[in-house]
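In UniProt numbering, the protein residues as written are 1 to 674. All C-beta atoms, glycine included, are put in the ideal place defined by N, C-alpha and C. A quick note: this is a predicted structure, and the numbers were derived from the prediction, not measured.
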C-alpha cells in the first residue's frame, strides 16, 4: 500500500465539497465519463431505519493505478479539458473538466473508497483501491494493484455519512427526482445508458408531461448553435433549474430559474458548446452582455412565454375535469368583475395545488380541498398560506411564490376591495331592514343592537371615519359631559346602564371618533344615535348643542387646530327640527355652524342614501346588486349577537314600513338640493 499527495491546498479542496446530492451526481457523472453503460446507486441500510452508506457502481472502463494517481494528484488538469474531448469508447460528450468531482463525494460522507477494475497500459487487467478521508483531503491511500478477471468498472463506497446526507437520503422521492431531472437530457441523448436508483431504473420519459423545444430570439452574430428544451414533469415540488449543457445535453452547470410559473413543475436545458469556455460569465453575471448571459436571458423570455401558454392549456383541462367531477366550487359563468377576478385568482392557486388535490381519488376530499381554497380567497387572499401549508402540504417556496404573485397582481387587491364594497352594500341593505321593516324596527330597542353594530361600521358616516378607532382623551371628555344629553345616554364603549330594578337600560348612544389630518389638524366626530322608535324633536337638538359647547370648551381640547362635527341621527324628525334643518345659509341638515363646531341633524334614510351614493360608481362598475336577504345574512354573520330575535329567524315575512321608501326618495332630493 502506498500514499500520494494532492498538488493543491487543503482550503481549496474543502471548497470543492458541496451538498450531498451534488456529491452523488458527480460520482454518477464520473461513471458516465468513464464510458459506463450501467450506473447503479445503492444505499446501505442501518439497524434503525436509516442509511449508513452509499454505493455507486458502474461498468465503465475503470481506472488503472497510474491513471488513478494522475487523476487524483493534479486538480484542474483533467483530460476532459482538451478541445473536443469525448469518452474513449462511445465518443460521448463529457461532463467534468476540472478534476474536482471526486472531492464532492465527501459531501456525502467522511470515508470514501474507490475500487476500480481496468486494463493497464500493458493490457493486463488489474484491480486498484483508493481511499480518501475528509479529515485529510490532500492525502489518499492506494493499494497495490492485483490481477483481476472481473469486468471493468468502478465501485465507489461512501461511509460515515454526514448528518445532512443522512437526512437527505431519507427523502427518497426528492433524491430520485433530483437525479431524474439532472440526467434527463443526457439519458435522452444516449438512450443506451441505464441509470438506476435503489434498484429502479430512472426513465425521464415516463415522468414527463411535456417536452418541448423553445424558439429563441438571438443575435445573428452569435457563434454556435443554441437550443432550449423545457421539460414539464409529472412530479411534485421539482426544483426549477436551468441546466447549462453542451450541444449533446451533457450538463456543465445549473442555475435557478428565478421566475414565477404557478402550477408548473419544470426544468430547462440550454444546449450550447460555448458554455464550456464562457461558464464563469454565465455564473457570475447572468444579466451581463456576454454571449452566455445573452443566451440565458433570451432563454428565460422564451420559457416564460411557453409556460404561460401551457398554464392556460392546463387550466382549461383541469377545470373542465373538476367541473365534470362536480368538485369545482363555482357554477356557471362569472356575472361581474368581482366574480371574474376571484375566479382567475382561484384558478391560479388551484392549478398550483392541482397535483396534491388530484392525488386523492375521493371526490369528497377534492371538493373539500377546492372549497377551502375558495373560502380562503374570499375571506382574505393573505390567509391562503395556512390552507396551502397546513391542509394541502405545499412546500414553502411554492406558497411564497403564490403569495408574491397575488400581491403583485391586481387580482388579490381587486378581490379584497370588491368584497369590502359588496359587504358594505349588504350591510346597508340589512341596516335598512333593521330600521324600517316593521317587526325588526319594533324590537330594535336594546343598546346591544343598533348601537353596537354601528360602533364597528363607522364608515357609514363618511369614508374618512372608516379606519378610525377610539380616542382615549376624546372618550374621557365625551363621558364627562354626557349629562347634557339627559340621564339615559351612554358611550359606545361603555358598560351597560342598569335601571333601579336591575334591568338593562335602553339608552341613546354616543360614538366618538378622532382623525388626524395634515398640518397637525384634527377632526372630531361625535354621533348621538336615537332609538329607531324615537322622533327627533327640538329638545334633542338643544341638548346636543349644549353638549357640543361643553365638549369644545373642555381644557383638554381647547385649541384652534380641531374641527368638531356633531351628528344627531334618528328615524324621523318633527316639524320644529325640520325648520332648523332648512336654514338658508347652511347646507341642508346643518342646524348650527360656528368657528368651533358644526351640528348636523340627519335621518337614517339620509345617512343610508348618502352611503349608497358614495358606493354607486363601484356598485355599477362591479355589477353588484345587493338583495334584502343578502343584507340580513350579512348582519347575521357579522353582528349576530346584536340582532333582535326576529332577524335571527326567517325574515321573508317581514313587511317594509311603507314610509321608508318615501323617506329614501325624500333624502335623495335633499342631497341634490344641498
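Output needed for residue 709: all residues of its chain with C-beta closer than 7 Å, excluding positions within five of it in sequence on either side, in chain order. A question about residue 709 goes unanswered here, because the residues of the chain that appear run from 1 up to 674.
In chain order, what residues of the same chain have a beta carbon less than 7 Å from the beta carbon of residue 192, not counting five sequence neighbours either side? Answer for residue 192: 37, listed in chain order.
In whole angstroms, what separates the C-alpha of residue 147 from that of residue 86? Near 28 Å, if we compare the C-alpha coordinates of residue 86 and residue 147.
DSSP state of residue 2 mapped onto helix, strand, coil: If DSSP states are grouped into helix, strand and coil, residue 2 belongs with the strands.
For residue 186, does the count of other Cβ atoms within 10 angstroms reach 16, so buried, or fall short, so exposed? Residue 186 comes out buried.
Residue range of the alpha helix (DSSP H) that residue 675 falls in? In the structure as shown, the chain begins at 1 and stops at 674. Residue 675 is therefore absent and cannot be evaluated.
Hey, could you find the ends of the alpha helix (DSSP H) residue 153 is sitting in? Not the alpha helix (DSSP H): residue 153 falls in the beta strand (DSSP E), residues 153-161.
Between the region 239-257 and the region 306-326, can you find at least three pairs of beta-carbon atoms closer than 8 Å? Flag = no, the region 306-326 and the region 239-257 do not touch.
I'd like the list of long-range same chain contacts for residue 225, defined as Cβ closer than 7 Å, with 5 residues on each side in sequence excluded. Taken in chain order, the residues that qualify are 247.
Quick one: Cα of residue 567 to Cα of residue 338, how far? One C-alpha to the other measures close to 34 Å.
Tell me the DSSP secondary structure of residue 460 in three-state form. Annotated three-state conformation of residue 460 is helix, per DSSP.
If I follow the unbroken alpha helix (DSSP H) through residue 24, where does it start and stop? 20-33 is the span of the alpha helix (DSSP H), which, as asked, contains residue 24.
In three-state terms, what does DSSP make of residue 555? Here residue 555 sits in coil by DSSP.
May I ask you to report which of helix, strand or coil DSSP gives residue 436? If DSSP states are grouped into helix, strand and coil, residue 436 belongs with the helices.
Apart from the five residues on each side of it in sequence, which residues of its chain come closer than 7 Å, Cβ to Cβ, to residue 207? For residue 207, where only same-chain residues beyond five positions count, the Cβ hits under 7 Å are 180, 233, 234, 235.
Residue 182, enclosing alpha helix (DSSP H) - first and last residue: In the DSSP assignment, residue 182 falls within the unbroken alpha helix (DSSP H) covering 172-182.
Does the region 118-129 touch the region 43-58, meaning 3 or more C-beta pairs lie closer than 8 Å? Between the region 43-58 and the region 118-129 there are fewer than three inter-stretch CB-CB distances shorter than 8 Å, so the stretches are not counted as touching.
Going residue by residue through the region 107-146, where are the continuous alpha helix (DSSP H) segments of at least 4 residues, counting only ones entirely within it? The region 107-146 contains no complete alpha helix (DSSP H) run of 4 or more residues.
Applying the 10 Å Cβ sphere with the 16-neighbour rule, what's the burial state of residue 63? Around the beta carbon of residue 63, 16 or more other beta carbons sit within 10 angstroms, so the residue counts as buried.
Give the secondary structure of residue 294 by DSSP, where H, G and I count as helix, E and B as strand, and everything else as coil. Three-state result, residue 294: helix.
Please confirm whether residue 156 and residue 27 have their CB atoms less than 8 Å apart. Yes, the pair counts as a contact, with Cβ atoms nearer than the cut-off.
Which ranges would you report for the beta strand (DSSP E) in the region 564-625 if only whole runs of at least 3 residues count? If only complete runs of 3 or more residues are kept, the region 564-625 shows the beta strand (DSSP E) at 590-593, 597-603, in order along the chain.
According to the Cβ coordinates, are residue 118 and residue 22 closer than 8 Å? No. Outside cutoff.
If you check the beta carbons only, do residue 74 and residue 33 fall under 8 Å apart? Taking 8 Å as the cut-off, the beta carbon of residue 74 is found no closer than this to the beta carbon of residue 33.
What is the DSSP secondary structure of residue 524, counted as helix, strand or coil? Here residue 524 carries a strand assignment [DSSP, helix/strand/coil].
Hey, residue 575 and residue 589: beta-carbon distance below 8 Å or not? No, they are not a contact pair.
Within 10 angstroms of the Cβ of residue 92, are there 16 or more other Cβ atoms? Answer buried if so, exposed if not. Buried is the call here.
Is it true that the CB of residue 54 sits closer than 8 Å to the CB of residue 31? No.
Where the alpha helix (DSSP H) containing residue 339 begins and where it ends: First-last of the alpha helix (DSSP H) with residue 339: 337-352.
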